[in-house]
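Student: Handing you this structure, nothing more for now.
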Amino acid sequence: MKALYKYLSILFLVVLTSAFQSCEKQNLPTEATGSFELFLSLDNEDFSGLKSVVIPDSLTVSPYHALLTVIGRDSVPVLEDELIPLYKFGEGFFSEKIELKAGGYRLLKFLIVDPEGEVLYAAPMEGSPMAYLVKDPLPIGFKIQPEETTRLVPEVLPVNNEPPSEFGYSSFGFSVVRPLPFHIAVILDNPMLMDPAISSSVAPTRFTNAALSVYHPDGWSYDFRLEAKVNRVVIRGGAEYYKFIIEKEGFEPVKMEVPAKKLLESTPENPMLVRIGYGHNLLVLQPDPDHGFDAMISDLEPDKNFGKHPYFEATWRSEPILTVMRENRSLIRFSLTGLPKSARIEKVTLKLIRDVPIKWDSLMRKDSLRTTAKEFVWYGAVLQQIVEPWEEHEVTWGNRPKTIEANQVYVSPIHNYHTYDAAGNKVLSNFIEVDVTKLFVPE
């Protein structure tokens, strides 16, 4: 039977550290402290797996740990289920030094744990079925004495598939948390939005940022901030189902129960997609070309009406033939009659989508320098409040309504707006979102 189990000798070197030297040992303070370190010889072939996880000829942290419990003479634990990392040095492994007060102790538990949290080796308890295979089963008594080295040599057996009870343990006494990574993206479920950066499988939608709260059945929970892209999230594993709550300002929260299997199947190319829709407290105003109220005006054609112009633009460029500057501006009106009389406006967001490419893309640059007469610099624009009446099919540059600079909103150049494709790459967005609250609720 003994031939079936190889045992390993584990050497504890207990080294006393003291702040002074004295020939009269009996006068040393009773609170003197020492430290012990665990040393594992790698002569035994059973540790070939340990050797493979470290870089040769270097001092490297191994993902293997020793787990032990030590009690004092009063039976009070001084180390309880303590996980001690093992370090490679030459042809062996040693642990960090652990300081204890000088005195008597007993080793009650001793296990070697691998990177996956599995127990590889265990020192058997006295009276257990496996105890007869070792010379000195647990508990093992030892002393830490001032200025002396104490050696503790417990013997361990490979666990293989034997249950803890074979070694005298009701269980191996610790919980290993296995992380669960997955990929997730939140998309706006709005059929009026279209982003070419998103694959056709999720169109018509776009990625958006949101808050994710994850709840484990054992009581663990954590809040994550999701960006407007495919996010890699790592949560506590070990459950079959998780509770997810996805929240975004202005939208109804999304609550769902998600199976762990679905999370494990997610990839950067095929993430878990959460669609977030509009809530009852959000009014969406997006008039179509026939019912919308917008127009463009141009200084080079001051008497012409552009009520059917397809673009909402603010542009200017020089006309080399006329030696003048062409300036185009746009006007737009939104009706708030859909709001209840008791409603209080808290936030207003203007969302604009540009065609890709816009018709003058070939003439525009993304840097700040002009190198030829045909290349233009990207500039931003401002949104101002219109304070005079105007009609969509009558307004021109010549009769344009008055605007005011108070509470105007700056719009950054289009090349400053980015999104992410399904692979997580940063790409130029065709979607602009601007906070225009102060145009509707003056500060």
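Numbering of the sequence shown is given in the numbering used here, commencing with residue -12 and proceeding in unit increments.
Just so it is clear, CB atoms sit at the ideal spot from N, CA and C, and this is done for glycine as well.
Computed from a predicted structure; not experimentally measured.
Using the Cα positions of Y119 and L98, report the straight-line distance between them to the nearest angstrom.
Tutor: Cα to Cα, the separation comes out at about 18 Å.
Student: To the nearest angstrom, how far is it from the Cα of G385 to the Cα of K291?
Tutor: Going from the Cα of G385 to the Cα of K291 covers about 9 Å.
Student: State the beta-bridge partners of N257 as determined by DSSP.
Tutor: Partner(s): none; N257 has no beta bridge.
Student: Using DSSP with H/G/I as helix, E/B as strand and the rest coil, what is K(-11)?
Tutor: With a pLDDT of only 40 at K(-11), under 50, the local geometry of the prediction cannot be trusted, and the value read off the model is given with reservation. Helix.
Student: So who's on the other strand from V220, going by DSSP bridges?
Tutor: V220 is bridged to F169.
Student: Between L87 and I131, is the Cβ-Cβ spacing less than 7 Å?
Tutor: Yes, Cβ-Cβ distance for L87 and I131 is below 7 Å.
Student: Indicate the three-state DSSP secondary structure (helix, strand or coil) for F299 in the structure shown.
Tutor: Coil, per DSSP.
Student: Determine the closest residue to Q372 out of E333, E227, A247, S317, with distance taken between C-alpha atoms.
Tutor: Nearest option by C-alpha distance: S317.
Student: For V439, which option in P246, L250, D422 has the closest C-alpha, if you only look at C-alpha atoms?
Tutor: In the structure displayed, the chain extends from -12 to 430; residue 439 sits before or after that span and is not available.
Student: Residue range of the alpha helix (DSSP H) that L251 falls in?
Tutor: Counting along the chain, the alpha helix (DSSP H) containing L251 begins and ends at 247 to 252.
Student: According to DSSP, is Y156 part of a helix, a strand, or is it coil?
Tutor: Correct three-state label for Y156: coil.
Student: Where do the N-terminal and C-terminal ends of the alpha helix (DSSP H) with K425 fall, by residue?
Tutor: Element bounds for K425: 424 to 427.
Student: Identify which residue in I263, L426, P400 has its Cα closest to the Cα of I233.
Tutor: For I233, the nearest C-alpha among the options comes from I263.
Student: Can the beta-carbon of A368 be found closer than 7 Å to that of A282?
Tutor: Against a cut-off of 7 Å, the Cβ pair of A282 and A368 comes out as no contact.
Student: Cα separation between A172 and G225?
Tutor: Between A172 and G225, the C-alpha separation is close to 23 Å.
Student: Just verifying my parser: in three-state terms, what is the DSSP assignment at L125?
Tutor: Strand.
Student: Contact between the region 141 to 148 and the region 201 to 221: three or more CB pairs below 8 Å?
Tutor: With the cut-off at 8 Å, the region 141 to 148 and the region 201 to 221 do not touch.
Student: If you count every other CB in all the chains shown that lies within 10 Å of the CB of A393, and 16 or more means buried, which is it?
Tutor: Burial call: exposed.
Student: May I have the straight-line CA-CA distance separating Y209 from F238, to the nearest angstrom?
Tutor: Going by the C-alpha atoms only, they are around 21 Å apart.
Student: Does F66 come out as helix, strand or coil in the three-state DSSP assignment?
Tutor: Per the sequence shown, the amino acid found at residue 66 is Leu instead of Phe. Of the three classes helix, strand and coil, the one that applies to L66 here is strand, per DSSP.
Student: Just to confirm the assignment, what range does the beta strand (DSSP E) spanning Y228 have?
Tutor: Taken as a continuous stretch (DSSP letters only), the beta strand (DSSP E) holding Y228 covers 228 to 234.
Student: Take E314 and list the residues in its own chain whose beta-carbon comes closer than 6 Å to its own, dropping the five residues that flank it on each side.
Tutor: Correct list, in chain order: D286, W303.
Student: Cβ of V421 within 7 Å of Cβ of L337?
Tutor: A contact, by the Cβ cut-off of 7 Å.
Student: Between which two residues does the beta strand (DSSP E) carrying P145 extend?
Tutor: Here the beta strand (DSSP E) through P145 covers 142 to 145.
Student: Just tell me which of N218, E288, G279 has its CA closest to the CA of S260.
Tutor: According to the sequence provided, residue 260 is Leu. The question's Ser does not apply to it. That would be N218, whose Cα lies nearest to the Cα of L260.
Student: Is P102 helix, strand or coil when you go by DSSP?
Tutor: It is coil, neither helix nor strand.
Student: Quick check: what's the CA-CA separation for H296 versus P168?
Tutor: One C-alpha to the other measures close to 49 Å.
Student: If you check the beta carbons only, do T137 and L95 fall under 7 Å apart?
Tutor: No, the Cβ-Cβ distance between T137 and L95 is not below 7 Å.
Student: Who are L370's beta bridge partners in DSSP?
Tutor: V396, per the DSSP bridge assignment.
Student: Roughly how many whole angstroms lie between the Cα atoms of G114 and T20?
Tutor: So the two alpha carbons sit approximately 33 Å from each other.
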